[in-house]
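Chains as they are written, first to last, in my numbering: chain A, 236 to 549; chain B, 21 to 605.
To start, the structure itself, in structure tokens.
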């Protein structure tokens, strides 16, 4: 996969479903790349108003997750249009991108033949309309993973594909930070005293915070989120990210609060002693969040249990 | 070297109140050693020596502080001190709060590799919420001066990850410095106080990773000093010792070093770093061998003709004449890096991907190598020293013309050796290892060369299939096989199917960051164990004796015997034998 280190993106070139592979091969021939690695397909389904954001997220997604990106723009017409390009990546690599603008019915017939065979298929529902109909059914049939905003779209976890939620994925650093607080056995021993949780979230979107609360509650053996408070906050982080978490109870308090840059201040109090540390909680871009779930799906059971607790609060 | 030896038993003592930083202690902190504890420790060590494998670390005592106990029921998550959040994490193991103490922190290795690796781990949020670094050196410096030094090192090193805004300032706050003579007690007392201070600030136990980034001559004094002051004792937190190669300069000194270290440390506390094992593609060798069903059936004397392991360097001495004149290529590369690559290639499948299972298998195959006594050296090993030549179109001097090298130096800069393994899998399959300086290019590769097909039914000769693992650069795996050439005739030609690791599109992590994280977690899988190091020394002992110790026994080398920029001396071609040739890389 070597080529010039700053190779430009090649395309988009207008093509058709039948000629798409030939067009891609022609684009490949313009590069100095000798070998290609087919690491998977990602099928991103979206609508025009979200197209730019989806393209931007996919551009930041490295080829190691999916060597072929197929973007289906669902609010097109029956007059199907296909564009092919090779999107330049770091270190002189490229990923293949096919953008199809069509009606949902047309998309179904167009996407399936374009999938690179015998590899992993990720389906990303990058739209705020509820997925339904034949297209989604066909795609979930061939999907190894469905990535979606699961609480908004009410897509329950299912057995025949791995469900991944970007909000859940992007709060992974916060889950890791909380786990780090209790890597100390002394701190872990205080957990039975915790009976209250506050989650502060950035912007107006509290669904990732609810999933996060579901994770904490389930881990601590709580049956529901009755003892959880959600508070909107401002901390310089993106909408959907968290600003802080506090676990408290009889004589104990563990607070994680977003600080400068990507640091989070951790204050732990038990036995009237206060311990203060700082931990890095990197923010995750949409592309990084996508990369994370595609690299290795989260442990399904944990997410499913958190999802059920969170869903019950809506 | 004169320090008193004696295993410090795990008798807990009352945690002392931390003194203010910089205060002079009244007297050294010592620990009582109970007879029972000593007995236990001796028994444990004896068992370890007997079976030749590492024993489990002594169990850390449960903290005696009543205050640390929860007041509520004990059946709830966390009541047992286990972290219930960690079990659900993708990273199911993470370092507990700890202090990393780097001896020799102002040295080259620390500046170029260690500090950037630690910073990268910290910036990625992998080092936990309570982590400190204490630099220790002989050079007098304040904390502030050390912080400046470390930040500058991070800014200058090519190994440093992209620095996020504000990260350096935050990382700076984790750094502390102590100085003193490594032969005395004071510097270790100060280190002990740093551990007290970290515990006071962060809670948790006084876990510490001691990294000896110093010349080998200081390993023993530092190990002893830490032991004298009770800093190897694990009753208040785990304590681990990381040492850099060379682990001795021959079999005898390696055994002495191991014995000296074991006077203070249990083998399970010792982490010997060979940075080759931290490389992604070295780990990928195990992944490809044991994660796929198609290779293992071929991985034996029935199908493999021979194996070639190459680690070539294009560089010369780069100002390291002092070290290199003493060490030479056998100690610098063959005994450690190449021997590890050899063991990973030739070992049996381990029962599990864990430290002891893997290290047991590596040790077994090293033990099975046919000994190379003095009398066999000429038959199975070739040495070389480069003369003047040309590299990349530039004339370069010979080894003996390098600054600070003796004009009649007999130090070898090239070695090729044939290893034979006396076991069922590899009987009759030679492993050829070669490494040298000023070879045409920098490349490390393991090539498994298969036997020819038993019958040629096509015109032309039959070629051998080769499965090659490129460790560096252009990390990847390739398979060479024959295919029909397009055309009317049935003509076969060799083609190569190539997988390049950069297809993953990810920057490879520094081997040091992987190894440091493993040491902090307590995973010794990628660290050579005492018995591995011992066997590796045994394999090269005859070679060292022939070339270094008894040079007058008709073995005087005709140096220089290869020109810089070539693939080594002619004798290496004879070594590999008829019908085979070294890979042109």
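The C-beta atom is built at its ideal place from N, Cα and C for all residues, glycine as well.
Quick caveat, the model's predicted, so the values are computed rather than measured.
- Put simply, the backbone Cα of residue 440/B is about 25 Å away from that of residue 431/B.
- By the C-beta density criterion, residue 406/B is buried, having at least 16 other C-beta atoms within 10 angstroms.
- Taking a Cβ-Cβ cut-off of 8 Å, the neighbours of residue 109/B in chain A comprise 410, 411, 414, given in sequence order.
- Secondary-structure assignment with DSSP links residue 411/B through a beta bridge to 414/B.
- A distance of 7 Å or more separates the beta carbons of residue 187/B and residue 159/B.
- From the beta-carbon of residue 498/A, the residues of chain B found nearer than 9 Å are 186, 187, 190.
- A Cβ-Cβ distance of about 19 Å is found for the pair residue 414/A and residue 528/A, leaving them out of contact under the 8 Å criterion.
- Residue 288/B is classed as buried because its beta carbon has at least 16 other beta carbons within 10 Å across all chains shown.
- Beta-bridge partners assigned by DSSP to residue 330/B: 454/B, 465/B.
- The DSSP assignment places complete alpha helix (DSSP H) segments of no fewer than 4 residues inside the stretch 284–354 of chain A at 339–349, in order along the chain.
- For residue 96/B, the neighbours in chain A by C-beta distance under 8 Å run, in chain order, 426, 427, 455, 456.
- In the DSSP annotation of this structure, the continuous segment of the beta strand (DSSP E) that includes residue 431/A starts and ends at 429–437.
- With contacts defined as CB atoms closer than 7 Å, residue 562/B and residue 450/B fail to qualify as a contacting pair.
- Taking the beta carbon of residue 101/B as reference, the chain A residues within 8 Å of it are 420, 421, 423, 424, listed in sequence order.
- DSSP places residue 159/B in the coil class of the three-state scheme, outside both helix and strand.
- The contact set of residue 516/A on chain B, defined by CB atoms closer than 9 Å, consists of 145 in chain order.
- Under the three-pair Cβ rule at 8 Å, the stretch 428–435 of chain A counts as touching the stretch 465–483 of chain A.
- Taking 3 residues as the minimum length, the beta strand (DSSP E) runs contained wholly in the stretch 443–479 of chain A are 463–468, in order along the chain.
- Here residue 292/B carries a strand assignment [DSSP, helix/strand/coil].
- Under the 7 Å criterion on CB atoms, residue 417/A is classed as interfacial with respect to chain B.
- In this structure, the straight-line span from the alpha carbon of residue 449/A to that of residue 481/A is close to 14 Å.
- Counted as a single uninterrupted DSSP element, the beta strand (DSSP E) harbouring residue 490/A occupies residues 487–493.
- Counting along the chain, residue 436/B sits inside the beta strand (DSSP E) bounded by residues 434–439.
- Cβ atoms of residue 355/A and residue 275/A come within 8 Å of each other, at about 4 Å.
- Around residue 375/A, no beta-carbon contact reaches into chain B at under 9 Å, the shortest distance being about 24 Å.
- Here the C-alpha atom of residue 410/A lies approximately 24 Å from the C-alpha atom of residue 182/B.
- With the rule of 3 Cβ pairs closer than 8 Å, the stretch 492–506 of chain B does not count as touching the stretch 373–386 of chain B.
- By the 16-neighbour rule on beta-carbons within 10 angstroms, residue 594/B is exposed.
- Listed by position along chain A, the residues whose Cβ is nearer than 8 Å to that of residue 106/B are 414, 417, 418.
- Residue 372/B carries a coil assignment under DSSP once its states are collapsed to helix, strand and coil.
- By the neighbour-count criterion, in which 16 or more other beta carbons inside 10 Å mark a residue as buried, residue 231/B falls on the buried side.
- In this structure, the straight-line span from the alpha carbon of residue 559/B to that of residue 542/B is close to 29 Å.
- Take residue 553/B, set aside five residues on each side of it, and the residues of its chain with a beta-carbon closer than 7 Å to its own are 267, 274, 292, in chain order.
- The three-state reading of DSSP puts residue 325/B in strand, counting E and B together.
- Taking a beta-carbon distance threshold of 7 Å, residue 476/B does not count as an interface residue toward chain A.
- Cβ contact annotation for residue 378/B (same chain, cutoff 6 Å, sequence separation greater than five): 370, 545, in chain order.
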